[in-house]
Amino acid sequence: MTAPLPTTKLPKTDEHLLRELAPQVLGAVVRRYGNFAAAEDAVQEALLAAAMQWPDAGVPDNPRAWLIQVAARRMTDQLRSEIARRRREAEMLRQEPPEEQVAPPPEDAELGEHDDTLLLLFMCCHPVLTPASAIALTLRAVGGLTTAEIANAYLVPEATMAQRISRAKQKIKDSGVPFAMPTERESEERLASVLHVLYLIFNEGYASSIGEELQRGDLVREALRLARAVRTLLPDDGEVAGLLALMLLTDARRDARTGRDGELIPLAQQDRTLWDRALIDEGVALISAALPRGSIGPYQLQAAIAAVHDEAQRVEDTDWPQILALYGLLERLSDNPMVTLNRAVAVAMVHGPRSGLELLATLGRDSRLADHYRLAAVRAHLYEMAGDVDAAVADYLAAARRTTSIPERDYLSSQAAKLSRK
Amino acid sequence: MKYILMMQFPLGAWKTQRFGLWPEQDQKRHYDFLKRFNQELVDAGEFVRTEGLGGPEQMKIVHAGKNGAPAITDGPFPESKEVLAGYWAIDVETPERAYELAARASAAPGPGGKPLNMPIEVHPVMMSSTSGEI
């Protein structure tokens, strides 16, 4: 059991307000004092103070200024005690301490004029960090989640998550990443890292919004919120729009994706009346506006594929030739055998299962995929389509043995059992 | 990715070579190693949980007997060659890192400070989520 979070006392609207303000406050404090790691701790303390005090005292008139002031006071305290410590050390060495100035308290007018959310995201998702560290740091520094909440979502002890965050901060410090926008030359790669981290956060939440781990739906909301924030700051970027659209079009199917007992329901068998029309409309509008603008990237293509699925009223209305064409484009952009695996399904739907199986045969030689359960799972599906029951059962069972996901294992095993009965 | 590393102690050697029978200095060296190893896992942000388990003398095998009441036999399964001495649950970025940590655990110092080279079983932990691709 985890300890109750201090934020649970806050009404939901105030909690959202805090999360909204967290990166802006952090940005202002980093701008004023530098030292990202210390600023992040100070802002975290300010957020906790707000969560403790606001329920009784009420939300201040200017909550952002309040938070900046509290965080700045913490920074000043830290600087003072740091100076005092150094002075003590210096005195022990009988040296005259240099005259050191304590930073004056910040003037609110000067602070917080900029929205630094994007700068923070670039910093927290820097390619020097591993994905797991970047995710943890982003959720805390930009998302304003507490360490306990992040630990809870990723099912590790709080001390482990705290350590992951502090290592990430140390790594950023060591690598001397400036708190500034990336140069034009590196901006594409850096934005790709940011989008990848948001994608991973979304996926972690979406893939596990099953059964007992419902709290991870928070990760979906958080990823969507951050993607929307990036979209507001970079409204003309096609890939940002593409990622947000992909999240919306995927999340739209959430209620249809699992059955009453938490069992996985594949796209073809989902009850499409359960899909969220509002999310689909928003996603379709986003991707339709982004695609004609040129500079097409993998998120836009994946969103376009999701849109084609979501726009089919019935599974038999699916425009498979269009999906096949989109996977063809995606395959040219990324050297990822998973894309080819998905294209094989589209090939089977357009040209028949035997053509799909021929494409799969070429993939079996790719060492990144040869032993992967998804290759066996797709092959099983195509054998089933082709009416080759024995081969389908064998591959469903092989896939079930290799997956580390319980819902997938159960789905694959039940497919094998169903076919064996026939 | 989460993994369980299971430390398997050879059952045949338990009676004469188990930890509790080592010279005090060797025991201390072993437990110091474990302490350091665990702290390293915490510091690396990879620690989930660890437990040491009671030996064969404390083990029972339980079946459902009549009316579901427990039917209890002493000791490990007769066909066992190893006894599970303890385990770590870790959360790492790659399987290779899990294997690396397992090798480190396997080389824990034994009598005379020599590496034990105990076999460590590495199990991926099944997830209640789907495996990643949207």
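Protein chains in written order, with the numbering used here: chain A, 1 to 422; chain G, 1001 to 1134. We put the beta carbon where it would ideally sit given N, CA and C, even for glycine. None of these values were measured; they are calculated from a predicted model.
Pair within 9 Å by beta-carbon distance, residue i and residue j
i       : j       : result
A/A380  : A/D395  : yes
G/E1121 : G/V1092 : no
A/A392  : A/R354  : no
A/R423  : A/L341  : Outside the modelled stretch of chain A, which goes from 1 to 422, sits residue 423 of chain A, for which no answer is possible.
G/A1064 : G/P1070 : yes
A/V29   : A/I68   : yes
A/V339  : A/Y327  : yes
A/V25   : A/L121  : no
G/V1048 : G/A1105 : no
A/V230  : A/L264  : no
G/S1080 : A/I406  : no
A/I280  : A/A307  : yes
G/Y1119 : G/Q1008 : A small correction: the amino acid at residue 1119 of chain G is Pro; Tyr does not occupy that position in the sequence shown. Cβ atoms of G/P1119 and G/Q1008: closer than 9 Å.
A/R19   : A/R225  : yes
A/A37   : A/K173  : yes
G/P1095 : G/M1001 : yes
G/V1083 : G/L1011 : yes
A/R254  : G/A1044 : no
A/C125  : A/R185  : no
G/V1125 : A/Q163  : no
G/Y1087 : G/L1053 : yes
A/P298  : A/L248  : no
A/D371  : A/R293  : no
A/S413  : A/L397  : yes
A/A417  : A/E408  : no
Of the residues the options, the one placed nearest residue i, counting alpha carbons only
i       : options                               : result
A/W66   : A/P157, A/A50 and A/A151              : A/A50
A/T13   : A/F179, A/W54, A/R409 and A/D41       : A/W54
A/L382  : A/R402, A/L357 and A/A361             : A/L357
A/M52   : A/L10, A/R88, A/R185 and A/H351       : A/L10
G/Q1027 : G/P1124, G/G1110, G/G1068 and G/H1123 : G/G1110
A/P165  : A/A278, A/L191 and A/L137             : The residue you asked about is not Pro; residue 165 of chain A is Ile in the sequence shown. Here the closest residue by C-alpha is A/L137.
A/L310  : A/I296, A/D335, A/D276 and A/Y299     : Note that residue 310 of chain A corresponds to Asp in the displayed sequence, not to Leu. Nearest of A/I296, A/D335, A/D276 and A/Y299 to A/D310, Cα basis: A/D276.
G/E1051 : G/K1060, G/W1022 and G/M1006          : G/M1006
A/R332  : A/I296, A/E408, A/P321 and A/L419     : A/I296
A/N35   : A/R87, A/G176, A/L274 and A/D410      : A/G176
A/M349  : A/D371, A/E384, A/S334 and A/L330     : A/E384
A/H351  : A/R402, A/Q322, A/A57 and A/L48       : A/Q322
A/Q170  : A/R421, A/L233, A/M123 and A/D56      : A/M123
Close Cβ partners of residue i (< 6 Å) along its chain, the five nearest in sequence each way excluded
i       : result
A/P106  : Since pLDDT at A/P106 reaches only 46, below the 50 mark, its modelled position is unreliable, and the value read off the structure follows with that caveat. Contacts found: R32 and A72.
A/D116  : G27
A/E110  : Note on A/E110: pLDDT 46, under 50, position unreliable in the model; no value is reported.
A/A448  : Given a span of 1 to 422 for chain A in the structure shown, any question on residue 448 of chain A remains unanswerable.
A/L360  : A344 and R379
A/A223  : L198, I201 and F202
A/P23   : T117, L120 and V142
G/I1072 : K1060 and V1062
A/Y154  : none
A/D410  : none
G/H1123 : I1004
A/V70   : A46 and A49
A/I305  : I323 and L326
Residue i beta carbon near the ligand MN (any heavy atom closer than 8 Å)
i      : result
A/P127 : Among the components modelled here there is no ligand, and therefore nothing to report on the ligand MN.
Sequence-distant residues of its chain with Cβ nearer than 7 Å to residue i (five each side left out)
i      : result
A/V220 : F202, G205, Y206, S209 and D251
A/L363 : P337, T340, L341, L369 and L375
A/E158 : T147, A148 and A151
A/A39  : L26, V29, V30, Y33 and M75
A/G211 : With a pLDDT of 44 at A/G211, under the threshold of 50, the modelled position of that residue is not reliable, and the figure given next carries that caveat. The residues are G262.
Cβ-based neighbour list, residue i, same chain, cut-off 8 Å, excluding 5 preceding and 5 following
i       : result
A/L214  : Low per-residue confidence applies at A/L214: pLDDT is 44, beneath 50, and the placement is therefore not dependable enough to give any value.
A/V102  : Interpretation of A/V102 is limited by its pLDDT of 46, a score under 50 that renders its predicted location unreliable; the figure taken from the coordinates is listed afterwards. Counting only Cβ-Cβ distances below 8 Å, and skipping sequence neighbours, we find T76, L79, R80 and I83.
G/R1107 : This sequence places Ala at residue 1107 of chain G; Arg is not what is there. If we look at G/A1107 and ignore the five residues flanking it on each side, its Cβ neighbours are P1115, L1116 and N1117.
A/V345  : G356, V378, H381 and L382
A/L200  : P131 and I135
G/G1113 : D1026 and R1029
A/A180  : L119
Please determine if the segment 240–248 of chain A and the segment 283–293 of chain A are in contact, where contact requires at least 3 C-beta pairs separated by less than 8 Å.
-> yes
Taking only beta carbons into account, state which residues of the segment 405–416 of chain A come closer than 8 Å to chain G, listed in chain order.
-> If the cut-off is 8 Å between Cβ atoms, the segment 405–416 of chain A has S405, I406, P407, E408 and R409 near chain G.
Inter-stretch contact at 8 Å, needing at least 3 Cβ pairs: the segment 1096–1105 of chain G / the segment 1009–1023 of chain G = Short answer: they don't touch.
Contacting positions in the segment 1030–1058 of chain G - beta carbon closer than 9 Å to chain A | L1041, V1042, D1043, A1044, G1045, E1046, F1047, V1048 and R1049
Any 3 or more C-beta pairs closer than 8 Å across the segment 136–156 of chain A and the segment 39–48 of chain A | Judged by Cβ distances under 8 Å, the segment 136–156 of chain A makes contact with the segment 39–48 of chain A, as three or more pairs qualify.
Which residues, in order along the segment 1081–1100 of chain G, keep a beta-carbon less than 8 Å from a beta-carbon of chain A?
-> Hits within the stretch, in order: D1091 and E1093.
Going along the chain, which residues of the segment 150–179 of chain A sit with their C-beta nearer than 9 Å to a C-beta in chain G?
-> Taken in chain order, the members of the segment 150–179 of chain A whose beta-carbon sits within less than 9 Å of a beta-carbon on chain G are Y154, L155, V156, P157, A159, T160, M161, A162, Q163, R164, I165, S166, R167 and A168.
Looking at chain G, which residues of the segment 113–136 of chain A have a Cβ within less than 9 Å of any of its Cβ atoms?
-> T130, P131, A132, S133 and A136
For the segment 376–410 of chain A, enumerate the residues whose C-beta is nearer than 9 Å to any C-beta of chain G, in chain order.
-> Of all residues in the segment 376–410 of chain A, those with a C-beta nearer than 9 Å to a C-beta of chain G are T403, T404, S405, I406, P407, E408 and R409, reading in chain order.
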